[in-house]
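Residue numbers (my numbering): 1 to 126. Backbone N, C-alpha and C fix where the C-beta goes; we use that ideal spot for every residue, glycine too.
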Amino acid sequence: MALRSAQGDGPTSGHWDGGAEKADFNAKRKKKVAEIHQALNSDPTDVAALRRMAISEGGLLTDEIRRKVWPKLLNVNANDPPPISGKNLRQMSKDYQQVLLDVRRSLRRFPPGHEERRIAKGNRSL
1 MALRSAQGDG
11 PTSGHWDGGA
21 EKADFNAKRK
31 KKVAEIHQAL
41 NSDPTDVAAL
51 RRMAISEGGL
61 LTDEIRRKVW
71 PKLLNVNAND
81 PPPISGKNLR
91 QMSKDYQQVL
101 LDVRRSLRRF
111 PPGHEERRIA
121 KGNRSL
């Protein structure tokens, strides 16, 4: 077996036919792009198909496709984003108060005598 692969005439040959594999890859990619566009353009949008393609090998392929697909997956209107600013959004989050409590609890674990200034700096960075 080792002699056969060393001679290059078996399936484990050292010769790589990159052209055929690249063509196969490009064909699969084109097919997937077409399937994504078909799912996007169907009425109603085929969200289940978009989910399957998103988690399959290669994902959603390009940023352009992702920008089109993600709003559909999340069921949001990408043309009408919510008018909430970053700080208000953060404070409205159901987890905001829990995160604050966790940060305060973590800061209590600093060793005694630790500079108050460094603790405050660490709190701001979180």
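Whole-number beta carbon distance between residue j and residue i, since they are thought to touch under 8 Å
| i | j | result |
| --- | --- | --- |
| A49 | L73 | Actually they are not in contact, since the Cβ atoms of A49 and L73 sit about 11 Å apart, beyond 8 Å. |
| K32 | G58 | 7 Å |
Residue of the options minimising C-alpha distance to residue i
| i | options | result |
| --- | --- | --- |
| I36 | R67, F25 and E21 | R67 |
| R29 | R51, P44, D43 and I65 | I65 |
Inter-residue Cα distance where the pair is residue i and residue j
| i | j | result |
| --- | --- | --- |
| A39 | V103 | 44 Å |
| Q98 | R109 | 17 Å |
| D46 | V69 | 10 Å |
| L61 | A27 | 13 Å |
| L101 | L107 | 10 Å |
| A34 | N41 | 10 Å |
| A78 | D63 | 15 Å |
| Q91 | R51 | 31 Å |
| F25 | Y96 | 45 Å |
| R105 | S93 | 20 Å |
| D80 | P71 | 11 Å |
| A20 | N75 | 40 Å |
| S56 | P44 | 22 Å |
Residue i CB to nearest heavy atom of the ligand FMN below 8 Å
| i | result |
| --- | --- |
| F25 | What this structure holds is no ligand at all, so the ligand FMN is not there to describe. |
For residue i, the first and last residue of its enclosing alpha helix (DSSP H)
| i | result |
| --- | --- |
| S156 | Any property of residue 156 remains undetermined from this structure, which presents the chain solely from 1 to 126. |
| E64 | D63 to L74 |
| L50 | V47 to I55 |
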